[in-house]
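Trainee: Just dropping this structure here.
And the structure:
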């Protein structure tokens, strides 16, 4: 049953709202995926906070107009599934990468990050990006290392003195 104009407008508005709150998107062709594989994909997406949408290409083109994802319009050809990452820029790429390795039927067409259209072969680079928490932990570790080294350097003379005094005590006790 074909959609009427009001239903199409509602679909476009809903998808535009979803895409406006996203930080990255991945477009992939799903031709050849079984229903069970697609169900598994949607389940994994829900668990990782990725929004998955299969939408007619013309409606998707209208929804992305005027957004950072307008660059996706040129790849919206054929049976396309869109993955939107709302919080972590690499979440959608990680999900698609893992799933594409398991099911060869999922073919990545393009991805967008920060309004830039990236080629499908850059999926691995985006998927390897750390999450926000991991990046903060790495930064804090790098900032903490010099301070810890300085504290150890300051504490070393007193530690040496304590070892010398302990050795003298041991010698006197042995004698």
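Numbering (the numbering used here), first residue to last: 1 to 175.
All residues carry an ideal CB built from backbone N, CA and C; glycine is no exception.
As the structure is a prediction and not an experimental result, all values here were calculated from the model.
#1: Report yes if the C-beta distance between residue 12 and residue 62 is below 9 angstroms; otherwise report no.
#2: My assumption, with CB atoms under 8 angstroms, is that residue 67 sits in contact with residue 20. Please give the rounded CB distance.
#3: Use the C-beta contact count for residue 141: other C-beta atoms within 10 angstroms, 16 or more gives buried, fewer gives exposed.
#4: Could you have a look at residue 131 and say whether DSSP puts it in helix, strand or coil?
#5: With a 10 Å radius around its C-beta and 16 neighbouring C-beta atoms as the bar for buried, classify residue 136 as buried or exposed.
#6: Under the rule that 16 or more other beta-carbon atoms within 10 Å means buried, what is residue 83, buried or exposed?
#7: DSSP three-state call for residue 107: helix, strand or coil?
#8: On the premise that residue 29 lies in contact with residue 79, defined as a C-beta separation below 8 angstroms, what is that separation, rounded to the nearest angstrom?
#9: Could you give the distance in angstroms between the alpha-carbon of residue 74 and the alpha-carbon of residue 3?
#10: Under the three-state reduction of DSSP, which class applies to residue 165: helix, strand or coil?
#11: On the CB-based measure, 16 or more other CB atoms within 10 Å of its CB, does residue 112 come out buried or exposed?
#12: Does the stretch 32 to 49 come within contact of the stretch 117 to 127, defined as at least 3 CB pairs closer than 8 angstroms?
#13: Among the residues of its own chain, which have a CB less than 7 angstroms from the CB of residue 127, if the five just before and after it don't count?
#14: In terms of residues, what are the limits of the alpha helix (DSSP H) holding residue 6?
#15: Mind listing, in chain order, the continuous beta strand (DSSP E) runs of no fewer than 3 residues lying wholly within the stretch 29 to 59?
#16: Considering only C-alpha positions, which residue in the set 22, 39, 37, 55 is nearest to residue 8?
Mentor: Taking the structure as given:
#1: If you check the CB distance, residue 12 and residue 62 come in under 9 angstroms.
#2: For residue 67 against residue 20, the beta-carbon gap comes to about 6 angstroms, under 8 angstroms, which counts as contact.
#3: By the neighbour-count rule (16 or more Cβ atoms within 10 Å), residue 141 is not buried but exposed.
#4: coil
#5: A residue is called buried once 16 or more other Cβ atoms fall within 10 Å of its Cβ, and residue 136, having fewer, is exposed.
#6: buried
#7: strand
#8: Rounded, the Cβ-Cβ distance is 6 angstroms, consistent with contact.
#9: 24 angstroms
#10: helix
#11: buried
#12: no
#13: 90, 93, 94, 97
#14: 5 to 20
#15: 50 to 54
#16: 55
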